[in-house]
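Notes follow once the structure below has been shown.
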Amino acid sequence: MTADILRFALGYAQIALILALALACWRMLQGPRAQDRVLGLDTMYSIAMLLFLVIGMGNGNVFFFEGALVIAVLGFVTTVCAAKFLMRGEVIE
Amino acid sequence: MMHLEQLPTWAAIIIAVFVIVGSSLALLGAMGLVRLKSFYQRLHAPTLGYSYGTLLIILASMLMFSLLEGRAVVHELMIGIFIMVTTPITLLMLGRAALRRDRDRKLGHDEDVPPRNRPEPPAGTEAGDTQASDPEPDLPRRP
Numbered sequence: 001m002t003a004d005i006l007r008f009a010l011g012y013a014q015i016a017l018i019l020a021l022a023l024a025c026w027r028m029l030q031g032p033r034a035q036d037r038v039l040g041l042d043t044m045y046s047i048a049m050l051l052f053l054v055i056g057m058g059n060g061n062v063f064f065f066e067g068a069l070v071i072a073v074l075g076f077v078t079t080v081c082a083a084k085f086l087m088r089g090e091v092i093e
Numbered sequence: 001m002m003h004l005e006q007l008p009t010w011a012a013i014i015i016a017v018f019v020i021v022g023s024s025l026a027l028l029g030a031m032g033l034v035r036l037k038s039f040y041q042r043l044h045a046p047t048l049g050y051s052y053g054t055l056l057i058i059l060a061s062m063l064m065f066s067l068l069e070g071r072a073v074v075h076e077l078m079i080g081i082f083i084m085v086t087t088p089i090t091l092l093m094l095g096r097a098a099l100r101r102d103r104d105r106k107l108g109h110d111e112d113v114p115p116r117n118r119p120e121p122p123a124g125t126e127a128g129d130t131q132a133s134d135p136e137p138d139l140p141r142r143p
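Have a look at this one:
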């Protein structure tokens, strides 16, 4: 009973997060301008981080947490670099 | 999946509600990212996933692993604090970059953005000179 509730919730969460990932990927591929693509990529990073956390909860494995942390840090650095490139035309001044 | 049977029922219900609501909010944010019209509206949509989605899923994960291991597992808070700190920075920089690009005539855009503020008068001019052509006469003037 307990495991069924959790299994349903984690399965639903994985399906919803994968759908959200697909929608953000559509925005990244379709986006009319460059900033839309950067925003879609940033959303994909955060949703992939949430997906790693949910999969780690489903497996009972703590090591997915490190993957989620790495994805969060890389997403931050990527988006800041892309935004600086869009603003100035160069990353390091 | 054997570890799922070890949790008490109240914890399972709380974890399930947190995970379902958090992932639904992330999905709503992504739908808003697809459906909204302007970039400045789309900038607001994924923050649902950033803030509430991350917060709820991290709380569920903390509760689950704390109960499984019999001690307080708080290292998920690191992700939460990191996301709370970095998301405003990234979205602010992205919004400013988009505004700068939209004001650039050469790039050809269809967004209506407010114009840039008029530059300050040069430092060498006297105060009396600028008062003669003050564009806002309703404001009280300095003596």
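Quick mapping for you: the protein sequence lines, in order, are chains X and E.
All the letters of the first sequence, read from the start, carry residue numbers 1 to 93 under full-length UniProt numbering.
All the letters of the second sequence, read from the start, carry residue numbers 1 to 143 under full-length UniProt numbering.
Virtual Cβ for every residue (Gly too), placed ideally from N, Cα, C.
According to a CB-to-CB cut-off of less than 8 Å, which residues of the stretch 31-54 of chain X neighbour chain E?
-> Considering only beta carbons, the part of the stretch 31-54 of chain X lying closer than 8 Å to chain E consists of 33, 34, 35, 36, 38, 39, 40, 42, 43, 46, 47, 49, 50, 53 and 54, in chain order.
At 7 Å on the CB atoms, spell out the chain E contacts of residue 94 of chain X, in chain order.
-> With chain X represented from 1 up to 93, any question about residue 94 of chain X goes unanswered, as that position is not in the structure.
Within the 8 Å Cβ cut-off, does residue 26 of chain E reach chain X?
-> In the second sequence, the residue the question calls residue 26 of chain E occupies position 26. Chain X contact via Cβ: present.
Could you give the DSSP three-state label for residue 17 of chain E: helix, strand or coil?
-> Numbered from its first residue, the second sequence carries residue 17 of chain E at position 17. DSSP places residue 17 of chain E in helix when its eight states are reduced to three.
Identify, in the order they occur along the chain, each residue of the same chain with its Cβ nearer than 6 Å to the Cβ of residue 136 of chain E, setting aside the five sequence neighbours on each side.
-> By 1-based counting over the second sequence, the position of residue 136 of chain E is 136. Because the pLDDT at residue 136 of chain E is just 46, under 50, the model does not fix this residue reliably, and the value given afterwards should be weighed accordingly. Here the set comprises nothing.
Leaving out five residues before and five after residue 91 of chain E in sequence, what residues of the same chain have Cβ atoms less than 8 Å from its Cβ?
-> Residue mapping note: residue 91 of chain E aligns to position 91 of the second sequence, counting from 1. Close CB contacts of residue 91 of chain E within its chain, under the 8 Å cut and outside five residues either way in sequence, are with 43 and 47 (chain order).
For residue 1 of chain X, the three-state DSSP class (helix, strand or coil) | As a first step, residue 1 of chain X must be located in the first sequence, where it is residue number 1. Three-state result, residue 1 of chain X: coil.
Which word fits residue 40 of chain X, buried or exposed, when buried means at least 16 other C-beta atoms lie within 10 angstroms of its C-beta?
-> What you label residue 40 of chain X is simply residue 40 of the first sequence in a count that begins at 1. Around the beta carbon of residue 40 of chain X, 16 or more other beta carbons lie within 10 angstroms, which makes this residue buried.
Cβ-based burial, residue 27 of chain X [other Cβ within 10 Å; buried from 16] | Here residue 27 of chain X refers to the residue found at position 27 of the first sequence. So residue 27 of chain X ends up on the buried side.
Is the number of C-beta pairs between the stretch 16-36 of chain E and the stretch 46-62 of chain X that are closer than 8 Å three or more?
-> Contact between the stretch 16-36 of chain E and the stretch 46-62 of chain X is established, with three or more Cβ pairs separated by less than 8 Å.
Of the residues X/72, X/74 and X/65, the one placed nearest residue 73 of chain E, counting alpha carbons only = Start at 1 with the first residue of the second sequence, and residue 73 of chain E comes out as number 73. Of the candidates X/72, X/74 and X/65, the one whose C-alpha sits nearest the C-alpha of residue 73 of chain E is X/65.
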